[in-house]
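Protein chains: 2
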Amino acid sequence: MSYLTDPARRAELHSFYRAALVDDVMPFWLKHGMDPEHDGIFTCVDRDGSLLDCDKSLWFQGRAGWMFATLFNTVEKKRDYFDAAGSCVDFLDKHGYATDGKLFFTVTREGKPLRMRRYVFSEAFASIAHAAYAKATGDEHYRELALKDFAFYMKHSFEPGVMTPKVNQETRPMIGLGPLMIGIVTAQELRANLGHFEHAGRTATEWIDRFIFEVQRLFWKPDLNVLMETVAPDGSIIEHAEGRLLNPGHAIECAWFILHEGKLRGEKSYIQLGLKILDAMWERGWDQMNGGLLYYRDLHDKPVLEYWQDMKFWWPHCEGIIATALAYELTQDPKYAAWHAAVHDWSFQHFADPKYGEWYGWLHRDGRVSQPAKGSLFKGPFHLPRALWYVSELLKLEKA
Amino acid sequence: MSYLTDPARRAELHSFYRAALVDDVMPFWLKHGMDPEHDGIFTCVDRDGSLLDCDKSLWFQGRAGWMFATLFNTVEKKRDYFDAAGSCVDFLDKHGYATDGKLFFTVTREGKPLRMRRYVFSEAFASIAHAAYAKATGDEHYRELALKDFAFYMKHSFEPGVMTPKVNQETRPMIGLGPLMIGIVTAQELRANLGHFEHAGRTATEWIDRFIFEVQRLFWKPDLNVLMETVAPDGSIIEHAEGRLLNPGHAIECAWFILHEGKLRGEKSYIQLGLKILDAMWERGWDQMNGGLLYYRDLHDKPVLEYWQDMKFWWPHCEGIIATALAYELTQDPKYAAWHAAVHDWSFQHFADPKYGEWYGWLHRDGRVSQPAKGSLFKGPFHLPRALWYVSELLKLEKA
Numbered sequence: 001m002s003y004l005t006d007p008a009r010r011a012e013l014h015s016f017y018r019a020a021l022v023d024d025v026m027p028f029w030l031k032h033g034m035d036p037e038h039d040g041i042f043t044c045v046d047r048d049g050s051l052l053d054c055d056k057s058l059w060f061q062g063r064a065g066w067m068f069a070t071l072f073n074t075v076e077k078k079r080d081y082f083d084a085a086g087s088c089v090d091f092l093d094k095h096g097y098a099t100d101g102k103l104f105f106t107v108t109r110e111g112k113p114l115r116m117r118r119y120v121f122s123e124a125f126a127s128i129a130h131a132a133y134a135k136a137t138g139d140e141h142y143r144e145l146a147l148k149d150f151a152f153y154m155k156h157s158f159e160p161g162v163m164t165p166k167v168n169q170e171t172r173p174m175i176g177l178g179p180l181m182i183g184i185v186t187a188q189e190l191r192a193n194l195g196h197f198e199h200a201g202r203t204a205t206e207w208i209d210r211f212i213f214e215v216q217r218l219f220w221k222p223d224l225n226v227l228m229e230t231v232a233p234d235g236s237i238i239e240h241a242e243g244r245l246l247n248p249g250h251a252i253e254c255a256w257f258i259l260h261e262g263k264l265r266g267e268k269s270y271i272q273l274g275l276k277i278l279d280a281m282w283e284r285g286w287d288q289m290n291g292g293l294l295y296y297r298d299l300h301d302k303p304v305l306e307y308w309q310d311m312k313f314w315w316p317h318c319e320g321i322i323a324t325a326l327a328y329e330l331t332q333d334p335k336y337a338a339w340h341a342a343v344h345d346w347s348f349q350h351f352a353d354p355k356y357g358e359w360y361g362w363l364h365r366d367g368r369v370s371q372p373a374k375g376s377l378f379k380g381p382f383h384l385p386r387a388l389w390y391v392s393e394l395l396k397l398e399k400a
Numbered sequence: 001m002s003y004l005t006d007p008a009r010r011a012e013l014h015s016f017y018r019a020a021l022v023d024d025v026m027p028f029w030l031k032h033g034m035d036p037e038h039d040g041i042f043t044c045v046d047r048d049g050s051l052l053d054c055d056k057s058l059w060f061q062g063r064a065g066w067m068f069a070t071l072f073n074t075v076e077k078k079r080d081y082f083d084a085a086g087s088c089v090d091f092l093d094k095h096g097y098a099t100d101g102k103l104f105f106t107v108t109r110e111g112k113p114l115r116m117r118r119y120v121f122s123e124a125f126a127s128i129a130h131a132a133y134a135k136a137t138g139d140e141h142y143r144e145l146a147l148k149d150f151a152f153y154m155k156h157s158f159e160p161g162v163m164t165p166k167v168n169q170e171t172r173p174m175i176g177l178g179p180l181m182i183g184i185v186t187a188q189e190l191r192a193n194l195g196h197f198e199h200a201g202r203t204a205t206e207w208i209d210r211f212i213f214e215v216q217r218l219f220w221k222p223d224l225n226v227l228m229e230t231v232a233p234d235g236s237i238i239e240h241a242e243g244r245l246l247n248p249g250h251a252i253e254c255a256w257f258i259l260h261e262g263k264l265r266g267e268k269s270y271i272q273l274g275l276k277i278l279d280a281m282w283e284r285g286w287d288q289m290n291g292g293l294l295y296y297r298d299l300h301d302k303p304v305l306e307y308w309q310d311m312k313f314w315w316p317h318c319e320g321i322i323a324t325a326l327a328y329e330l331t332q333d334p335k336y337a338a339w340h341a342a343v344h345d346w347s348f349q350h351f352a353d354p355k356y357g358e359w360y361g362w363l364h365r366d367g368r369v370s371q372p373a374k375g376s377l378f379k380g381p382f383h384l385p386r387a388l389w390y391v392s393e394l395l396k397l398e399k400a
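Order-wise, the sequence lines are chains S and G.
Heads up: the first sequence is residues 1 to 400, going by my numbering.
Heads up: the second sequence is residues 1 to 400, going by my numbering.
Here it is as structure tokens:
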């Protein structure tokens, strides 16, 4: 019997996730990540937490700021969480923005600019950090910053011609799933922490409806049973390697954003869509040979040319844990409880590091550790603590 | 006894490389790569040669054009080679260049622009293709194009401020090994095919001397016994992940460019430098656990955050085969014959595909195939046929 279907094991699971969150993962980052001298968080840390590189990721000032503030807001009014959130947000506000209002991708420990990139996910993460910190502090100033970041994200993501395209758009016009799905979760977080707001004449809920509509209209292909990652602007399939590239973990993450919206609003069509995406992408992503979720797949099962295509990364597994748990709560279908047990067990067997805490990030297909660092510019306190937090909150609510 | 130290096995090895080149690798690309409709070469092909993607790499129009023309010039006056070289060069000249004279990174099958990237290695590869094709055709027009590409490469690689830097150069000024080492081999190829020429008042040999001087002055660290990949403009170590990142295959490739120059000109100091680089980077790159050459290493043996850091790619092995064979020819030191046998055996056991020909490109650390495609935007007829050609020519010359 899997964890979720047995009441006693559900309670155990709640405690297990909560303990992993507050006794293992967050203490790891509070101890090893925070920069007492310049504020902000380091994320490039080795297995034992020692620093591999003191450069700072702007993604992570926002993501970690959001996570710390969210734990303060929802789990425990701990000064450590509050201070860490403030440290990330202060560093972000002081050093993150270029003169045009766009966030850098990386800066030095002291906050001097290193890299600027084209895309605007940093701005979405800054927005949710500011929103959660506005709630934690009650300071309206951060609400304004959250809405300003959101407006920047929206303009650069969806206004034609604002973001420099990677590929010539006359030759091959393309759109990605990323901006829509990050749009969904960002608006959800802003709504949760700021309450009512409007952007360009629409409420958060109206924007979410629009994003989900576009995900379904353009990226969901019922005939092929797949959520595409990249399509032409009219939703048609781009029959090139870049158009065929599927990212099951990303799609499963998108599925639970939609399930979450369906649950919150009792909107059955969203629950149905989320389940269909989860079913389809679980089938494509779950590795029948070694267990775990593969990073990339090709639409037609051709070889994928990205080098790490068959590696197991920590984050799709975190998203899988949330999506399957949420799907089970919404349906009571034992299939989802079984999938949840499969991804939970595989993850804690292979990613967890009992010796130094936290999770490894990058495994070979067969589950062996590829390299043992605990963080990078792309791995810090986000996917793993978010999953532990989300599912422990979910099980707590269901218990009550 | 290893291949190189036994006269009978040397002759076998010459025939083996020659046969692999003219009966396996080049026929694979002539059959599966050439586009009869629009000219140029496809390189994104599956294990059996079938097309994975018809987008064309500008790197490969130049690299393959050079390889085909070089085989025509040095191995056999085969019409297939001549026509294939012409097809690549014609496609390059017709569709490759943006209005500012810079080459695209990728274009469609028909030649419509897709991606432009910052750096100018495409221009170096176009230069050697034009030079080899100038020799094959005797047409001065291609000589002019080769020199024009070279001038573009030089300006964008070495004139401060011309190339947009990836990282803010005020915060962290950095220079890479790549432009210098590609400078060496490009000038060598131009000299071999065009004879005397001058660029900005210097001959090819003078440029090569200058590039090697700069490699030694800035990137070779005798105290650490390492060839760096990225340093500060004064050659000092950048103590960040990007500064500590070593690419042993790249350094071993640089080593044989320098050994080749030493051999050609009887310049002992170059032979000594090349051997020191080879020794140092072989020690850092050779995988004591599984054999083969690791992709990346950290200067201080810390974890490397690039995902494919411990994979085995085909091209470092091709460069290892050349470098060790050349080092043995220059020194008669049995250590190099043993290293050559080790990398030769490991490569032909793991990369070669007896069923469909050519080599796999991407293996797991333990030698298992990660995905079976034979080509990509970065893999086509270049490193492997160049190694087979270079070493078979080397053994032929030594035999005589």
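Using N, Cα and C, we set each Cβ at its ideal position, and we do this for glycine too.
Asked, Found
"Kindly indicate the opening and closing residues of the beta strand (DSSP E) around P113 (chain S).", "113 to 115"
"Among S:G367, S:D83, S:K31, which residue has its Cα nearest to the Cα of M289 (chain S)?", "S:G367"
"Beta strand (DSSP E) containing S370 (chain G): first to last residue?", "369 to 371"
"Using beta carbons (cut-off 8 Å, strictly below), is N168 (chain G) in contact with chain S?", "yes"
"Just to confirm, is the Cβ distance from Q188 (chain G) to E261 (chain G) under 8 Å?", "yes"
"Quick check: D149 (chain G) and E123 (chain G), are their CB atoms within less than 8 Å of each other?", "yes"
"Short of 7 Å Cβ to Cβ, which residues in the stretch 300 to 311 of chain G face chain B?", "In the structure shown, chain B does not exist; the protein chains are S and G."
"G33 (chain S) to R9 (chain G), Cα distance in whole Å?", "58 Å"
"Taking 8 Å as the CB-CB cut-off, is R115 (chain G) touching chain S?", "yes"
"Relative to chain S, which residues along the stretch 44 to 74 of chain G have a C-beta separation below 8 Å, given in chain order?", "C44, D46, R47, L52, D53, C54, D55"
"Tell me the rounded alpha-carbon separation between E170 (chain G) and G274 (chain S).", "47 Å"
"Measure the Cβ-Cβ separation of V25 (chain S) and L388 (chain S) and say whether it is below 8 Å.", "yes"
"From S:W359, S:M154, S:V75, S:V89, pick the residue whose C-alpha is nearest to that of D139 (chain S); which is it?", "S:V89"
"So with CB distances below 8 Å, who are the chain G contacts of H240 (chain S)?", "D53, C54, D55"
"How is G176 (chain G) classed by DSSP in three states: helix, strand or coil?", "strand"
"With three or more C-beta pairs closer than 8 Å as the rule, is the stretch 319 to 326 of chain G touching the stretch 373 to 393 of chain G?", "yes"
"Mind the definition here: the stretch 74 to 86 of chain G touches the stretch 143 to 158 of chain G only if three or more C-beta pairs lie below 8 Å; say whether that holds.", "no"
"In this structure, does DSSP put A69 (chain G) in helix, strand or coil?", "helix"
"Whose C-beta lies closer than 8 Å to the C-beta of I277 (chain S) among residues of the same chain, with five residues either side of it excluded?", "W220, L227, A251, I252, C254, A255, I258"
"If distances are taken between C-alpha atoms only, which option among S:W66, S:K56, S:V231, S:A232 comes closest to F378 (chain S)?", "S:K56"
"What number of angstroms, rounded off, separates the C-alpha of L71 (chain S) from the C-alpha of G178 (chain S)?", "25 Å"
"So which residues on chain G does W362 (chain S) lean against when the C-beta distance must stay under 7 Å?", "Y307"
"Strictly by DSSP, which residues pair up with E198 (chain S)?", "S:T203"
"For S183 (chain G), I'd like the list of residues in its chain whose CB is within less than 6 Å of its CB, leaving aside the five on either flank, ordered along the chain.", "The amino acid occupying residue 183 (chain G) in the given sequence is Gly; Ser does not appear at that position. Within the same chain, G183 (chain G) has close Cβ partners F211."
"Can you find a CB in chain S that lies within less than 8 Å of the CB of S2 (chain G)?", "no"
"Let me see if you follow: with CB-CB separation under 8 Å, is R297 (chain G) close to chain S or not?", "no"
"Just how far apart, CA to CA, sit I237 (chain G) and E214 (chain G)?", "15 Å"
"What is the rounded straight-line gap between the Cα of W314 (chain S) and the Cα of W359 (chain G)?", "31 Å"
"Less than 8 Å between the CB atoms is what I'm expecting for A373 (chain S) and G361 (chain S), so what's the real figure, rounded?", "7 Å"
"Roughly how far, in whole angstroms, is the beta-carbon of F96 (chain G) from the beta-carbon of A126 (chain G), given that I think they are within contact range, below 8 Å?", "Note that residue 96 (chain G) corresponds to Gly in the displayed sequence, not to Phe. Sure, about 7 Å apart at Cβ, within 8 Å."
"Is the distance from the Cβ of W282 (chain G) to the Cβ of W346 (chain G) below 8 Å?", "no"
"Report back the beta-carbon spacing between L58 (chain G) and V107 (chain G) to the nearest angstrom; my notes put them in contact at under 8 Å.", "7 Å"
"Going by CA-CA distance only, name the one from S:G201, S:Q371, S:P385, S:H383 that's closest to D48 (chain S).", "S:Q371"
"For the stretch 286 to 372 of chain S, which segments carrying the beta strand (DSSP E) assignment without a break, of at least 3 residues, lie completely within its bounds, in sequence order?", "369 to 371"
"Quick check on the DSSP output: the alpha helix (DSSP H) that includes L264 (chain G) runs from which residue to which?", "248 to 265"
"Go to Y133 (chain G), then tell me how far its alpha helix (DSSP H) extends in each direction, as first and last residue.", "121 to 137"
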